[in-house]
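Chemist: Take 1198 as the starting number for the sequence shown in our numbering and just add one per residue.
In this text, a Cβ means the ideal position worked out from N, Cα and C, and glycines have one as well.
Just so we're clear, the structure is a prediction, and the values are computed from it rather than from any experiment.
Next up is a structure, given as structure tokens.
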Amino acid sequence: MQKVKNDIKIKVGQKFPLTIKRLGINGEGIGYFKRKIAFVPQALPGEVILAEVTKVHSKYLNAKIKKIRKASPDRVEPVDNYDVGGIELEHLAYSKQLEFKTDVIRQSLEKFKPTNYENMELRPTLGMEVPYEYRNKAQFQVRKVKGNKVIAGLYKPNSHILVDLPTFKTQMPLTMEIMRKIVKLLEKWNISIYDERRNSGILKTVVIRQTLKTEQVQVVFVTARNNCANLNQVVNEIMSAYPQIVSVMQNINPSRSSLVWGEETFKLAGTDRLLEQLGDIKFELSARSFFQLNPSQTEVLYTEVKKALDLKEDETLVDAYCGVGTIGLFVSPDAKEVRGMDIIPEAIEDAKKNAELSGRKNIHYEVGKAEDLFAKWTKNNFVPDALVVDPPRTGLDDKMIETILKYRPNKFVYVSCNPSTLARDLVKLVKIYNVEYIQSVDMFPQTARVEAVVKSVSYTHLRAHETELHL
């Protein structure tokens, strides 16, 4: 038994009625028991449930639904009823998911309180007409159970218990069809399957990526070591069954860590890259290159970035965290020049190839840190008019923020995949930038995740523009 503050004794397994007040940033229901906050996955605002304590912390409780006594009118029957991540909001009507995602951004702003946050325009989240079958990549762990039966799927939250996924409605149908065929072939050819507990066996993970516009498929087998008996037979059969598969790769990961990918990747059959297209921009994708998981909504997202930048033909842009060049290439027709930076050399090589593939002549890419390249470029008389950043979930690092505050491009667009780190970063950025609006985009229906495009203009540029209007 554990104690929480006020000497209220609460133990795991204890049951109590609970009214759900709202959703938390991870999509879990939030209620209060004995003045303590309780987080309950799958519970919805307005519901009255019988909750059962699963974990006790000093300041809060985790619980699960034992029984729903009063259901929300917004509750719907999930298509896939699995206890895995990636579908944590599937029980909530889609229109309400979109409202929640706008509210998540509002909650984050209220928590960090950047100056003038109350007056920032939060535009309604842009969703999908059909919020399923959008994920272009399946990355499933593979294990063997009950003799020769092979399962492939995802882990239960906060565990290493693998859940077999014969269906998963957020995935593109072809990726799931190929995944299930591979599972059968692994059993047929008695492929050595990795045993995590014993650290034995060979095949760990199967990764399948599908392109939307070109309808190509790549399969990657992640193995504990190089040699895997009969794997070539699986490759031959799967490629014969599905002509869409143009690339089969093998990645070697001998580590026992939770990281999926190892350092070495080589080709087993076909080509080593896929070809994808966004608008009129073409991209070559290697096995480990990052690309958005929802290609149709990616066009929506990048169109919003384009609108927020509102580039003129004589303006220059820096695309920080450029990766394989997606954003910079998409908006480059509107700009005089685009320069991209990334600290990963392979990403910059891919970006250069993609620029060449799409015939973009006004783009320049370099490997390096923002603070170093900004200093180098400005010394050579390149001072960008606009900056776009699309950082990882951890947000902007301190050096990047210092660089932005120092060089102050007139236009600044922040593309965020994490409302909490976005709101945190805005605390410093709003000292020199006026946020005109925040446009959220639902890149991952059925999940609690949301992307946001922040349009902002430097106060210096704003004042200069106002002066011009008065002249």
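Tell me the rounded alpha-carbon separation between residue 1203 and residue 1255.
Modeler: With a pLDDT of only 49 at residue 1203, under the threshold of 50, the placement of this residue in the model should not be trusted; the figure read from the coordinates follows. Those two C-alpha atoms are separated by around 10 Å.
Chemist: Assuming residue 1470 is part of the beta strand (DSSP E), what are its boundary residues?
Modeler: No beta strand (DSSP E) holds residue 1470; DSSP gives it neither H nor E.
Chemist: What residue range is occupied by the uninterrupted alpha helix (DSSP H) comprising residue 1338?
Modeler: Counting along the chain, residue 1338 falls outside any alpha helix (DSSP H), though it belongs to the beta strand (DSSP E) covering 1334-1342.
Chemist: I'd like to check one pair, residue 1600 with residue 1567: are the Cβ atoms closer than 7 Å?
Modeler: Yes, the pair counts as a contact, with Cβ atoms nearer than the cut-off.
Chemist: In terms of residues, what are the limits of the beta strand (DSSP E) holding residue 1517?
Modeler: Here the beta strand (DSSP E) through residue 1517 covers 1513-1517.
Chemist: Please decide whether residue 1248 counts as near chain B, where near means a Cβ-Cβ distance under 7 Å.
Modeler: Annotation note: the requested chain B is absent from the structure, which comprises a single protein chain.
Chemist: Answer yes or no: do residue 1215 and residue 1246 have a C-beta to C-beta separation smaller than 7 Å?
Modeler: Contact: yes.
Chemist: Give me the Cα-Cα distance between residue 1360 and residue 1281, rounded to the nearest whole angstrom.
Modeler: For residue 1360 and residue 1281, the distance between alpha carbons rounds to 7 Å.
Chemist: Helix, strand or coil for residue 1569 per DSSP?
Modeler: The answer is helix: DSSP assigns residue 1569 an H, G or I state.
Chemist: Determine the contact status of residue 1405 and residue 1376, defining contact as a CB-CB distance below 7 Å.
Modeler: Taking 7 Å as the Cβ cut-off, residue 1405 and residue 1376 qualify as a contacting pair.
Chemist: Report the option in 1495, 1571, 1576 and 1551 whose CA atom is closest to the CA atom of residue 1649.
Modeler: Among 1495, 1571, 1576 and 1551, the Cα nearest to that of residue 1649 belongs to 1495.
Chemist: Take residue 1449 and list the residues in its own chain whose beta-carbon comes closer than 7 Å to its own, dropping the five residues that flank it on each side.
Modeler: Same-chain partners within the cutoff: 1420, 1422, 1423, 1459 and 1461.
Chemist: According to DSSP, is residue 1593 part of a helix, a strand, or is it coil?
Modeler: Three-state DSSP puts residue 1593 in coil, outside helix and strand.
Chemist: For residue 1252, which of 1225, 1210, 1228 and 1292 has the nearest alpha-carbon?
Modeler: Among 1225, 1210, 1228 and 1292, the Cα nearest to that of residue 1252 belongs to 1210.
Chemist: Looking at residue 1240: is its Cβ nearer than 7 Å to the Cβ of residue 1258?
Modeler: Their beta carbons are not under 7 Å apart, which means residue 1240 does not touch residue 1258 by this criterion.
Chemist: Can you tell me the Cα-Cα spacing of residue 1541 and residue 1550, whole angstroms?
Modeler: The straight-line gap from Cα to Cα measures roughly 15 Å.
Chemist: Determine whether the beta carbon atoms of residue 1261 and residue 1249 lie at a separation below 7 Å.
Modeler: Cβ distance < 7 Å, so residue 1261 and residue 1249 count as in contact.
Chemist: What do you get for residue 1285, buried or exposed, if any count of 16 or more other CB atoms within 10 angstroms of its CB means buried?
Modeler: Classification for residue 1285: buried.
Chemist: Please identify the residue among 1357, 1647, 1643 and 1410 whose C-alpha is closest to the C-alpha of residue 1276.
Modeler: Among 1357, 1647, 1643 and 1410, the Cα nearest to that of residue 1276 is on 1643.
Chemist: Starting from residue 1499, trace the beta strand (DSSP E) in both directions and tell me its first and last residue.
Modeler: Looking at the DSSP string, residue 1499 is not in any beta strand (DSSP E); the run it does join, the alpha helix (DSSP H), is 1492-1506.
Chemist: Would the segment 1606-1618 and the segment 1582-1589 be scored as touching if the rule is three or more Cβ pairs under 8 Å?
Modeler: In short, these stretches touch, since the Cβ pair count reaches three.
Chemist: Ignore the nearest five residues each way along the sequence and tell me which others in residue 1489's own chain have a CB closer than 6 Å to its CB.
Modeler: The answer, listed in chain order, is 1495.
Chemist: Under 8 Å by Cβ, that's how I've got residue 1339 and residue 1349 pegged, so tell me the actual separation to the nearest angstrom.
Modeler: Sure, about 5 Å apart at Cβ, within 8 Å.
Chemist: Between which two residues does the alpha helix (DSSP H) carrying residue 1544 extend?
Modeler: Note, residue 1544: alpha helix (DSSP H), 1542-1554.
Chemist: From residue 1536 to residue 1464, what distance separates their C-alpha atoms?
Modeler: Whole-angstrom Cα-Cα distance: 32 Å.
Chemist: So what's residue 1623 in DSSP terms, helix, strand or just coil?
Modeler: Of the three classes helix, strand and coil, the one that applies to residue 1623 here is helix, per DSSP.
Chemist: Tell me where the alpha helix (DSSP H) around residue 1378 begins and ends.
Modeler: Segment 1370-1385, the alpha helix (DSSP H) holding residue 1378.
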